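Report on the following structure.
In this note's numbering, the protein residues as written are 5 to 327.
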């Protein structure tokens, strides 16, 4: 009996040693165009649940295709909308190509898209709201993948992927599909007329991880009532990823209002700044990113490419964050 007792203690001790303190945290890793910086095209984030499930959000132009070694395993691809800088009309050929303010993303991937190529290469699900799903399913099938891997989740509904609950919520933005993504005469006619195809409204996401952390991904959006009634009151999001680029989305002041007055999270990750926001990993004064940080009550963390941040279930950053 004593031998069994001490053997059990030894096994538990070994498990504690093998699983460090941060094993119960959600890891968030930006995948940008330049190592250690927050640059103009940067949108892509990888979320890793404590159980190992990995999601990539808005791969855009800064993931170097499905073979980018920074991706590793991917279980689901999240696409907020089909504009080229999110779906991925082109992508970088290598990390650090070009300048932070004007990355070199010269590899064209139309009419398929970077996001579809990643999903097929990784045999991952694609999770979207609205009619984007039919368009994407056709692309996946034409690329040799399983069209049933594309999952439509209507707004307010949820799907479980590897223990992570993915809920879609409204975003206020346009969602026109460029003719570059459409083969044949229809695509050419759309481009000639200066029109885009309609694929339903854009999508925001609420992610609920196994450690209890609830994350709001805004997509490209303006200020919406749902940011309070749904994101804050219903789902009680503790970590917010919000666009701050202005002109096409909320700007620094508008995004700060969403954070300060509507959602009131414990932490924020800035996104979609459309600028060279950092130099040597430090925020450049008077940039939109700097203005957003100054205007926001909650801690704002800058998504430096390749630098993993770790969050506990309450939304507190416990490792890797810079503000």
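Glycine residues also receive a C-beta, built at the ideal position from the N, C-alpha and C atoms. Computed from a predicted model, the values in this text were never measured in an experiment.
If you run the structure through DSSP and keep just helix, strand and coil, what is residue i?
i           : result
residue 290 : coil
residue 9   : Interpretation of residue 9 is limited by its pLDDT of 42, a score under 50 that renders its predicted location unreliable; no figure is taken from the coordinates.
residue 58  : strand
residue 196 : helix
residue 183 : helix
residue 80  : strand
residue 174 : strand
residue 107 : strand
residue 142 : helix
residue 266 : helix
residue 296 : helix
Alpha carbon to alpha carbon, how far is residue i from residue j?
i           : j           : result
residue 243 : residue 142 : 34 Å
residue 134 : residue 179 : 10 Å
residue 311 : residue 74  : 11 Å
residue 201 : residue 301 : 39 Å
residue 233 : residue 261 : 15 Å
residue 215 : residue 40  : 27 Å
residue 324 : residue 47  : 18 Å
residue 257 : residue 149 : 42 Å
residue 32  : residue 159 : 24 Å
residue 25  : residue 171 : Note that residue 25 scores 43 on pLDDT, short of 50, meaning its location in the model is unreliable and no value can be drawn from it.
residue 274 : residue 183 : 30 Å
residue 218 : residue 237 : 12 Å
residue 16  : residue 213 : Low confidence applies here, because residue 16 scores a pLDDT of 44, under 50, leaving its location unreliable; read the following figure in that light. Roughly 25 Å between the two C-alpha positions.
Contact check, residue i vs residue j under 8 Å by CB: the rounded distance?
i           : j           : result
residue 303 : residue 272 : 7 Å
residue 175 : residue 84  : 7 Å
residue 203 : residue 163 : Their Cβ separation, rounded to whole angstroms, is 19 Å, which puts residue 203 and residue 163 out of contact at 8 Å.
residue 44  : residue 280 : 6 Å
residue 336 : residue 199 : One cannot answer for residue 336 here, as it falls past the ends of the chain, which runs 5 to 327.
residue 113 : residue 173 : Between residue 173 and residue 113 the Cβ distance is about 28 Å, and since that is not below 8 Å, they are no contact.
Name the DSSP bridge partner or partners of residue i?
i           : result
residue 164 : 169
residue 202 : 180
residue 127 : Residue 127 pairs with nothing; no bridge assigned.
residue 94  : 112
Quiz item: If we count Cβ pairs, one from each stretch, closer than 8 Å, do we get three or more for the segment 83-102 versus the segment 59-70?
Solution: yes
Quiz item: Counting Cβ pairs, one atom from each stretch, are 3 or more of them under 8 Å apart for the segment 277-293 and the segment 240-257?
Solution: yes
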